[in-house]
Amino acid sequence: MGIDSEFLNILTDKAGENRVYTGGDINPSYGKDEAAFAEPSMPDAVVEANSAGMVSDVLKLCRSYRVPVTVRGAGTGKAGGCVAAEWGVLLSLRDMNAILGVDEAARTMRVQPGALLQDVKAEAERHGLRYPPDPGEKTATIGGNASTNASGPCALKYGATRDYVLDAEIVLAGGNTVRLSERPEYAEVIGSEGTLGVITELTLRLTDKPGCEAILLLPFAGAEECVSAAAAILAAGFEPAALEFLDTALVEYSGSVTGSAVFPVSLDGERVAATLMLTLEGADEDAVMEQMEALAERAEELGCLDILVGDTPNMMRDFRAAYDAFHTSVESAASSCEANVSLPPEEVWTYMEFARAEGAKRGIEPMFCTHLGSGGVHTFAVSDKPLAEFAPAAGEYMSALYEKCASLGGDPAGEYGVGRVKGAYLSAERRAAHAALKAEFDPEGILNPGKAAE
1 MGIDSEFLNI
11 LTDKAGENRV
21 YTGGDINPSY
31 GKDEAAFAEP
41 SMPDAVVEAN
51 SAGMVSDVLK
61 LCRSYRVPVT
71 VRGAGTGKAG
81 GCVAAEWGVL
91 LSLRDMNAIL
101 GVDEAARTMR
111 VQPGALLQDV
121 KAEAERHGLR
131 YPPDPGEKTA
141 TIGGNASTNA
151 SGPCALKYGA
161 TRDYVLDAEI
171 VLAGGNTVRL
181 SERPEYAEVI
191 GSEGTLGVIT
201 ELTLRLTDKP
211 GCEAILLLPF
221 AGAEECVSAA
231 AAILAAGFEP
241 AALEFLDTAL
251 VEYSGSVTGS
261 AVFPVSLDGE
271 RVAATLMLTL
281 EGADEDAVME
291 QMEALAERAE
301 ELGCLDILVG
311 DTPNMMRDFR
321 AAYDAFHTSV
331 ESAASSCEAN
341 VSLPPEEVWT
351 YMEFARAEGA
361 KRGIEPMFCT
371 HLGSGGVHTF
381 AVSDKPLAEF
391 APAAGEYMSA
401 LYEKCASLGG
411 DPAGEYGVGR
421 VKGAYLSAER
431 RAAHAALKAE
441 FDPEGILNPG
451 KAAE
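Using my numbering, the first residue of the sequence shown is number 1, and each one after it goes up by one.
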């Protein structure tokens, strides 16, 4: 449809000429995020907001003219959620990136939505505290994390972003501003992917840092044994902060890219199929040592080939750096794709077996990184083929994985959200629930249309 000159003139008056871009002046990066194979989709105009007041003014104007608005942070999403799927305005919040303050006594932090996750975590550390949610993309914005309810490996013990939002300033579709602490019914905005409201400030809950921590690596000769061992560890009453399945194929691939082989590939001449990475925390060194000794006593029962201990700052830093390199290593391939889903933990192995079988049909060899315990599965595939050759089979493959996830009672949205990629795989009940919220929060349907459960 496109926006007309009258609308554009008013928009420029309200936001300022130096904050509104149209046509060839729009940075091409605004037409996409990191979703695999997605065609670019450019908005009619971009507004780079610098205040909640500007956000309110833009939404009031867009509502009055029935112009769609898509909210964007750093553009690191992998589901197309921050890309304008329809004509209209893209509202960038990347310049609203201030950390407004930390209250050490209350263990809270106030931030604007454009603050990067890595900066939020570093600021908490500077005050001797911790912001526990740990999604893999540390250069994502905290507003984007809240919009998708991002989680990560520590979700097993600490939960997801929603669990750390104590308060939020939210601008509704009509331009009115509410605070979550005063209007708790607007908690639905968290995790709604910008379809119900625009987050312009967050108050985050922080926690104390653990007195001591260690990372254990338990390598296995069989991948299924690795998955079963994780269930046994949890059933025995252990409470690791993270419990990760590391596919050796992924370990090898990432190591070949980074040049740093950290995780085991073979032990005493025996091939490692997968490694279980546990993070243990305790009040002090004795508490962590007690957990390690209890796990060591179960090593034979668990069937692991060995237990490797990382209990120094350097070793833990190396393990975490190697883990964080998985995503960037895959993205460095000539062509790559990733399907991310959340499953009931007891269905994880069934899903992974299906993923291998479906991949074999298409000449695709999947690699996995799985948050065992919380059920988040990342399935990666790489190819040295040009993207145009790889995309058709890879696209069909990802669709098959999302359908299988849904059939197993899982959530295709996973940690990355639904965006414009996964809507077709959601249940009718979820669609209906979202439609009811949309009718209440955004009856004109201007906020991020065509996304989430629409």
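Glycine included, C-beta positions come from ideal geometry on N, C-alpha and C.
Beta-carbon spacing of residue i, residue j below 8 Å
| i | j | result |
| --- | --- | --- |
| residue 71 | residue 91 | yes |
| residue 250 | residue 337 | no |
| residue 334 | residue 384 | yes |
| residue 19 | residue 48 | yes |
| residue 199 | residue 113 | yes |
| residue 310 | residue 210 | no |
| residue 59 | residue 174 | yes |
| residue 393 | residue 362 | yes |
| residue 195 | residue 422 | no |
| residue 191 | residue 172 | no |
| residue 227 | residue 372 | yes |
| residue 79 | residue 416 | yes |
| residue 115 | residue 141 | yes |
| residue 217 | residue 295 | no |
| residue 180 | residue 108 | no |
Expected contact under 8 Å - CB spacing of residue i and residue j to nearest Å
| i | j | result |
| --- | --- | --- |
| residue 366 | residue 408 | Contact flag wrong, Cβ pair sits at about 16 Å. |
| residue 496 | residue 130 | Since the displayed the chain opens at 1 and closes at 454, residue 496 lies outside it and no answer follows. |
| residue 418 | residue 391 | So it is not a contact: roughly 21 Å between Cβ atoms. |
| residue 136 | residue 324 | 6 Å |
| residue 160 | residue 89 | About 29 Å; that fails the 8 Å criterion. |
| residue 164 | residue 184 | With a Cβ gap of about 16 Å, residue 164 and residue 184 do not count as contacting. |
| residue 246 | residue 223 | Not really, about 10 Å apart at Cβ, beyond 8 Å. |
| residue 230 | residue 272 | That belief does not hold up - the Cβ atoms of residue 230 and residue 272 are roughly 16 Å apart, past 8 Å. |
| residue 50 | residue 13 | Not quite, the Cβ-Cβ distance comes to about 16 Å (not below 8 Å), so this is no contact. |
Chain D within 8 Å of residue i, Cβ atoms only
| i | result |
| --- | --- |
| residue 391 | The structure shown contains no chain D; it holds only a single protein chain. |
Bridge partner(s) assigned by DSSP for residue i
| i | result |
| --- | --- |
| residue 214 | 280 |
| residue 170 | 178, 199 |
| residue 208 | 129 |
| residue 245 | 276, 370 |
| residue 271 | 266 |
| residue 411 | 342 |
| residue 21 | 46 |
| residue 378 | 340, 369 |
| residue 447 | 69 |
### Task
Report yes or no: do three or more beta-carbon pairs, one from the stretch 118-126 and one from the stretch 311-328, lie closer than 8 Å?
no
### Query
Any contact of the stretch 444-452 with the stretch 374-388, i.e. 3+ C-beta pairs under 8 Å?
no
#### Entry: the stretch 98-112 / the stretch 59-79 touching (three or more Cβ pairs under 8 Å)
no
### Query
In chain order, which beta strand (DSSP E) runs of at least 3 residues are fully inside the stretch 278-322?
308-310
### Query
Quick check: the stretch 387-406 against the stretch 324-342, are there 3 or more CB pairs under 8 Å?
yes
### Message
Taking 8 Å as the cut-off, does the stretch 233-242 touch the stretch 153-161 (at least 3 CB pairs, one atom from each stretch)?
### Response
yes
### Query
Should the stretch 289-302 be called in touch with the stretch 322-329, which here means at least 3 C-beta pairs below 8 Å?
no
### the stretch 17-35 touching the stretch 144-151, judged by at least three CB pairs closer than 8 Å
no
### Task
Within the stretch 89-137, note down every full beta strand (DSSP E) run reaching 3 residues or more, in order along the chain.
89-92, 99-103, 108-111
### Cβ contact check for the stretch 83-90 and the stretch 38-56: 3 or more pairs under 8 Å
yes
### Message
As an exercise, report each continuous alpha helix (DSSP H) stretch of at least 4 residues that is fully enclosed by the stretch 323-373, in chain order.
### Response
348-361
### Task
Scan the stretch 31-77 and note each continuous beta strand (DSSP E) run of 3 residues or more that stays entirely inside, going in chain order.
45-48, 69-72
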